[in-house]
Amino acid sequence: MKNIELTIDGKIVSVEQGKSVLDAALENGVDIPHICYDPRLTPTGSCRLCLVEIEGQRGLQTSCSRIAEEGMVVSTETKEIAKSRKSTLELMISEHRMVCATCDADGDCLLQDYAYRYHVNEDRFPKIKPKVKVPNFTNYHKAIQYDPTKCVRCMRCVKICEEVQGANAITLRERAGQVLVTTAFNTDLRDSSCESCGQCVGVCPVGAMTNKPAVKLGKVKDLEKVLTTCVYCGVGCQLELNVDRKNNRLVKVTSTPGIIPNDGNTCVKGRFGMDFIGSPERLTHPLIKENGEFRKASWDEALSLVVSKLSSLKAEFGPDALASFSSAKTTNEDNYVMQRFTRAVLGTNNIDHCARLCHASTVTGLAKSFGSGAMTNSIAEIRKAPVIFVIGSNTTENHPVIGITIRQAVRSGDTQLILADPRKISLSGDAGIYMQHKPGTDVALVNAMMNVIISEGLEDKEFIETRTEDYDLVRKAVERFTPEMAAGICGVSAKSIRESARIYAKASAASIIYSMGITQHATGTDNVLSLANLAMLTGNVGKENAGVNPLRGQNNVQGACDMGALPDVYPGYQKVDLPEAQAKFQKAWNAELSIKPGLTVVEIMHAAEAKEIRGIYIVGENPMLSDPDLNHVRQALTALDFLVVQDIFLTETAELADVVLPATSFAEKDGTFTNTERRVQRVRKALDPPGEAREDWRVICDVANRMGYEMDFEDASAIQDEIASLAPIYGGITYDRLTGVGLQWPCHDKNHPGTKFLHSKKFSRGKGKFYQVDYIPPQELPDEEYPFILTTGRMLEHWHTGTMTRRSKVLDYLEPEGFIELNPEDAVKLGVSEGGVLKVKSRRGEIDVPARITEKVFPGCVFLTFHFKENPANALTIAALDPIAKIPEFKACAVSIHA
Amino acid sequence: MRDKKLKNYEDLKSLHKEIDEEKSKVKSRVLVCMTGCRAKGAEELARTFREKLDVPGMEEIEVVDVGCHGQCSRAPLIMIEPEELLYGDVKPKDVDEIIEETLINGRVIPRLCAEVEGRAAAKAPDIPFYSGQERDVLKNCGRIDPQKIEDAVAAGSYDAAAKALTTLSPEDVITIVKDSGLRGRGGAGFPTGLKWGFAQQAAGNEKYLICNADEGDPGAFMDRALLEGTPHQVIEGMLIAAYAIGANNGFIYVRAEYPIAVEHVTMALEQAREYGLLGNNILNSGFDFDIQLRKGAGAFVCGEETALIASLEGKRGMPRPRPPFPANAGFRGKPTNINNVETLANIPLIIEEGSEAFHAKGNEGGRGTKIFALAGKVKETGLVEVPMGTTLRQIVFDVGGGVPDGHTFKAAQIGGPSGGCVPAQHLDLPLDYESVKEVGAIMGSGGLVVMDDRTCMVDVARFFLEFTQKESCGKCVPCRVGTRQLADILNKICDGKGEPKDLKKLESLAKEVKAGSLCGLGQTAPNPVLTTLEFFRDEYEAHINEKRCPAGVCKELISFSITVDDCIGCGLCKKACPVDAITGDSKQPHFIDPDACIKCGACHEVCPTNAVVIS
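Going line by line, the protein sequences match chains D and B.
Counting in this note's numbering, the first sequence runs from 17 upward without gaps.
Counting in this note's numbering, the second sequence runs from 8 upward without gaps.
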């Protein structure tokens, strides 16, 4: 982008072409007052405070809407301007109830700031009260409160809801002085299209839209904002924890525009779902189980027990009788220390974590095709992609901030969206082409798209020629996948397949976005390989705004993998079975290391049941809800000789433990998370931990030291330095470089700027490799006894096993209980009405769950989330594994339903 | 049925000829205004004519529903052709006589004619209301059946468009319009040719043309009359404009409160499509254009172009700051040209007669003619078309016949709620864009309300501010809150609670609202306050300092009483009083109970001896 120069208040300043005069001023330290402006929104021009004089122009101009031009001469603070601003502020105050003493926005209110700056006469005009004739639409909402008497009608909330969030939940009603913010037809906010993201609260420049749970908890002057990374999904939103240090409590969460990846945007969990931190149910002391009951223990006693048990099991059954589960919720530093402990102290590679359950197939698949298993491009590029192909990702619910980016891109008219998903998810409304394919038929669908591309000559021959190998394999493999043939398998029209293929192939750049709809299958690796094939076929890898972009589930699942919390790799994906790697780490860690790759999560469970694994150390994982076939998991965990669980709550898994160790939450520690776009971002301590809870890595170091292995770090930063020294992709990443927007790996050295998109000139593995992928149906298909296909997933308001979100008041209010989605046709057949409890059975278990009748799912298909312990979806799912990635088939199994 | 589609200019010409031949078979035509005059019984009148003429021997007399004849004060008004006799206040009972006397025997009926200096005047040139006008744009209004494209074609419609599309380049058209000096008739007076040039030069192939028919000024009905009376003239103007700027899609955004206009335009669009005057490859010119009609939902602010566009896009009708101007980023972000109805109705004229002829009319402050909706305290009300630069005096006194009932002219409100009040001292002000601005008013769309000594100027300002306040979209602060505060101060003054400092407050706030508001609505809303403050400050002072309303309008400042000596005890006032505040026996003086009186003025109006006085 070109820069232009203009003069503002006598000073020549430079700004990117296309930016507004207001942007130019703000970027150059000239604080033009503005109330309706937000950098994320189209200019509104309604507050009339940013008026400036532009030489040669009649009257005053709104600087927010005027594009800066070369040579413009702007005055921002003349007598006339000041007079106009003062008058406007006085008018604003006449309709604003000035009750600063009791207002939560006191100290963070633009009206207050400007009123002071221009020293307005608060009494110049008599107060005007709008005659509010309708009930307040926020009265029953637990998170958001609108106060029309404080509203300055700047429209920021309405516009962010429309232009950024795309929820279109709120609007203006009435005219003139009666203008109010409300929902369409003034329905209660709960009944509107509101996604409870609280963006309206975030943008309100005064105290009209408030964060209800934070009311009365603390004034701005008493709060400290600590910038950190969100603990929920892999987007890695930068959030500010507003904490009251005196009372050691979190008051609210805010986010500031201008910081990637989320640009001030948050979802409902990020903004309103953090109160679990202060939950009274937090673990505050170590617990030891005696006679089936937990009792409080001291750290010394608990650690001694852990050490003696682990040591004796190791001595008796050998190192490979032990295993550990690391955690995608904890920091890179915690994960690094945990895997080092497992490998160097326990002496085994039996370490894994929940990445196995979400993106193991991504890691294996993309590593095979490209050479590294991560999102190829950046989140910011999505907004600019001419075509986006979303498959198996309910993005607006599971990666909400990326979801809204897709929505914005499509609604701007610049981007075409192709969507393939067995459920009619919210994005289907925005998709140019939506294909509701049957669960587990992804390979057939993608192969057919490739068939069209090749038969119509739309492939990128030069890219195939110069950048890839084994093209013939895929050409042959897809030959028989005509759109008509695939249509029969997938249950979508051949026409849609053809059109999608053409749109995708003809785009100047096309981005594939996928998530667990692709990975959580027994054919997960195949699914990923076929998407990689599709991208390479059209030259959509290694270029901007394109790529193959798996959206990682957990906040730090990317990091936990990067750190080597996997059974086959050391930090930075260095293979454990490579003697050079073994030698390198033996030297660095000063320990004997096993060259034998370890077991994966589900394999560990199987081995535990078979008594091959005797002891497990679990940090921050809850397999008792997250893993498939829970009855089997329970048997495995109870068969163990010793189970230690380190967590922040007494989870369903911790209840089975012999020793429970209290850990700190993300708000109580320093560290880093690596988000889905490979961006390493800081986590900063905002609060003191409750009771005696300790950081995970310190506890693990203590255990290691007590087991006779010296492992000490001064702080989290020192751990990162060690990671940098051993994992080349993290080679240049140190805390002093993470003060701004983080760094995207690969970042090889101190001077490396990080990598926005991968494989640009060369694939990580050299040439991109095509694989022949054939369609294999899901392992368990519906039959007479179990006639429904069950698919599982997550929802916007809850996270995984609900450990955190179900302890959040707002989230619990929004979605208090589990449900099964079923099509109205099936509901009629079963004779069940909305909310009626159904018994759902599979070959592995059964649950009772209320019905939610919706056309989101097609007849014959039902959907469950796995958040609710009362009706756990995973009691039903099948532990069929992908042969390479060992990821279970969460997305398809057969069930029967009984009213 | 044969395909009506006109394939080229020649087809249009031969159609014209065909229709002319057809028309020559008709001996007489009775043109009944079926638009505004409907309110005064025109429908029944036309029906009566048709019934009575539906007898053998009367086949050569045609009754035609037409648009507005202009002189609304004489509604229902009819014209009889070929003599061009204008009969006003015609009742169904007059029909027999008209048929017998005029249509059969060719005699004029004096009592139905206009009275001019005691004599009956039957034809327009003899009636000052018409003789003072130059009806160019309204030429066909009231003379053709707006529901028939054949009538329009016979009157020359689409000739100009055919000429433009087949013989002129878009650049030529723009040059002609530029040279003509035509300025936007919607209010702001921006040079039309220049505006077209911007849209034509804007990047992109997808362009739009919008006809702004959201005529919202109270008392203004110029655009309504054109759409109702000569819809094809507007469509033709759009066709030429679209050709000039390169737009293939057009919209007519019309108020839903104009059902007859909606009906006629809808019909006209269908007919134009049927004749191939809209659609693809119009008259074999290679140019495609079609128009959709969209109805507004009654928001005054949607007359503002950016608000109108927002409304068309399905959004809340609120304006946005300019630039970018619609010429560059309008409907759905594409280059868009918006013109007012009257502006577009001028276009065929200009193409037909050439830019010089158009330019010759008017003055430096504006070229061509302007249509005004003359209303208020004036003898002859209705639609008036005069050359730009005609003085206020000519319009009010020569055309309008002056103030009735012996009252004196006080001021004229020009330009609707956005305009200003022009006092008697400026009666010789030429009405053109520039001169009007000099006295603090704006040309606006052409509303012209005459006020006399019975009008309170503070009350007028209050009325208009209440209007703009209600119609403010509420987006920007100065308009949303500022007009409310202005209206509140005016209400306070009218209620007799004004304080001396209020005048200064009023003045400074009015100026601040004008300078600070986002769109034209807020920027002009204070005009009625500022002009009345300038020209009628004494009335404000009387309200504030003496608690007196000189015009006897402001209820809180007046009281009604009956002068005993003048009262004849007829009881009319007692009957008229809605709250039984008047007592008195027959033939005896009556009295008003001041506590019960609601100051509605009903007694004052009915009193035959002017015994009811306002003080």
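Cβ coordinates follow ideal geometry from the N, Cα and C atoms, glycine included.
Bear in mind that the values here come from a model prediction, so they are computed numbers and not experimental data.
- Contact annotation, Leu172 of chain B with Ile289 of chain B: C-beta distance approximately 6 Å; criterion of less than 8 Å satisfied.
- Contact of Gly75 of chain D with chain B by beta-carbon distance below 9 Å involves Ala522, Gln530.
- Within the stretch 409 to 474 of chain B, the runs of alpha helix (DSSP H) that reach at least 4 residues and sit entirely inside it are, in chain order, 440 to 445.
- When Cβ-Cβ separations below 8 Å define contact, Arg191 of chain D makes contact with chain B.
- At least one beta carbon of chain D lies nearer than 8 Å to the beta carbon of Glu478 of chain B.
- In the DSSP annotation of this structure, the continuous segment of the alpha helix (DSSP H) that includes Thr350 of chain B starts and ends at 348 to 360.
- In this structure, the CA atom of Gly631 of chain D is about 35 Å from the CA atom of Glu813 of chain D.
- Listed along chain D, the residues sitting closer than 8 Å to Gly481 of chain B by beta-carbon distance are Arg169, Leu188, Glu190, Arg191, Ala192, Gly193, Gln194, Val195.
- Against chain D, the beta carbon of Glu519 of chain B has neighbours under 7 Å at Ser100, Ser103, listed in chain order.
- Per DSSP, the beta bridge partners of Asp368 of chain D are D:Phe341.
- In this structure, the beta-carbon distance from Leu436 of chain B to Thr398 of chain B falls below 8 Å.
- By the criterion of a C-beta distance shorter than 6 Å, Met727 of chain D is surrounded in its chain by Cys717, Ala720, once the five residues flanking it on both sides are discounted.
- Cβ neighbours of Cys66 of chain D within its own chain (closer than 7 Å, five residues either side excluded): Leu38, Ile48, Pro49, His50, Tyr53, Thr78, Ser79, Cys80.
- Here Tyr156 of chain D is exposed. Its C-beta has fewer than 16 other C-beta atoms within 10 Å.
- In the three-state reduction of the DSSP assignment, Ala161 of chain B falls in the helix class.
- In this structure, Gly373 of chain B and Asp439 of chain B form a Cβ contact; the two beta carbons are roughly 4 Å apart against a cut-off of 8 Å.
- The three-state secondary structure of Ile87 of chain B, taken from DSSP, is strand.
- With its beta carbon at least 8 Å from every one in chain B, Pro402 of chain D lies outside the interface.
- A residue is called buried when at least 16 other Cβ atoms come within 10 angstroms of its Cβ; Met17 of chain D does not meet this threshold and is exposed.
- Closer than 7 Å at the C-beta level to chain B, one finds these residues of the stretch 108 to 119 of chain D: Met108, Ser110, Glu111.
- Apart from the 5 residues on each side of it in sequence, Ala448 of chain B sits with its Cβ closer than 7 Å to the Cβ of Ile421, Gly422, Gly426, Gly427, Val429, Asn534, Thr538 in its chain, given in chain order.
- When C-beta atoms of the stretch 546 to 565 of chain D are compared with those of the stretch 379 to 399 of chain D, three or more pairs fall below 8 Å, so the two segments count as touching.
- Its Cα nearest to that of Phe779 of chain D, the residue D:Ser385 stands out among D:Phe201, D:Pro499, D:Ser385.
- For the alpha helix (DSSP H) assignment, the uninterrupted runs of no fewer than 4 residues enclosed by the stretch 165 to 201 of chain B are, from N- to C-terminal side, 166 to 174, 177 to 187.
- Rounded to whole angstroms, the separation of the alpha carbons of Gly204 of chain B and Val217 of chain D is 45 Å.
- Between the C-alpha atoms of Ser471 of chain D and Arg518 of chain D there is a straight-line separation of about 11 Å.
- Listed in chain order, the positions of the stretch 199 to 216 of chain D with a beta carbon within less than 8 Å of a beta carbon of chain B would be empty, since no residue qualifies.
- Residues of chain B whose Cβ lies closer than 7 Å to the Cβ of Ile144 of chain D are, in chain order, Val488, Arg491.
- When Cβ-Cβ separations below 8 Å define contact, Val536 of chain B makes no contact with chain D.
- Apart from sequence neighbours up to five positions away, the residues of its chain that approach Gly193 of chain B with a beta-carbon distance below 7 Å are Asn219, Asn347, Thr350, Ser452, ordered along the chain.
- In this structure Pro678 of chain D touches Glu708 of chain D by the C-beta definition: roughly 6 Å separates them, less than 8 Å.
- Within the same chain, and ignoring the five residues on either side of Asp204 of chain D in sequence, the residues whose Cβ sits closer than 7 Å to its Cβ are Phe153, Tyr156.
- The way I'd put it, the stretch 585 to 595 of chain B doesn't touch the stretch 500 to 512 of chain B; fewer than three beta-carbon pairs between them come closer than 8 Å.
- Runs of the beta strand (DSSP E) lying entirely within the stretch 183 to 233 of chain D and spanning at least 3 residues, in chain order: 186 to 189, 196 to 199, 225 to 227.
- When DSSP states are grouped into helix, strand and coil, Ala494 of chain B belongs to the helix group.
- Nearest neighbour of Arg753 of chain D by Cα position, chosen from D:Val242, D:Lys766, D:Ala908, turns out to be D:Lys766.
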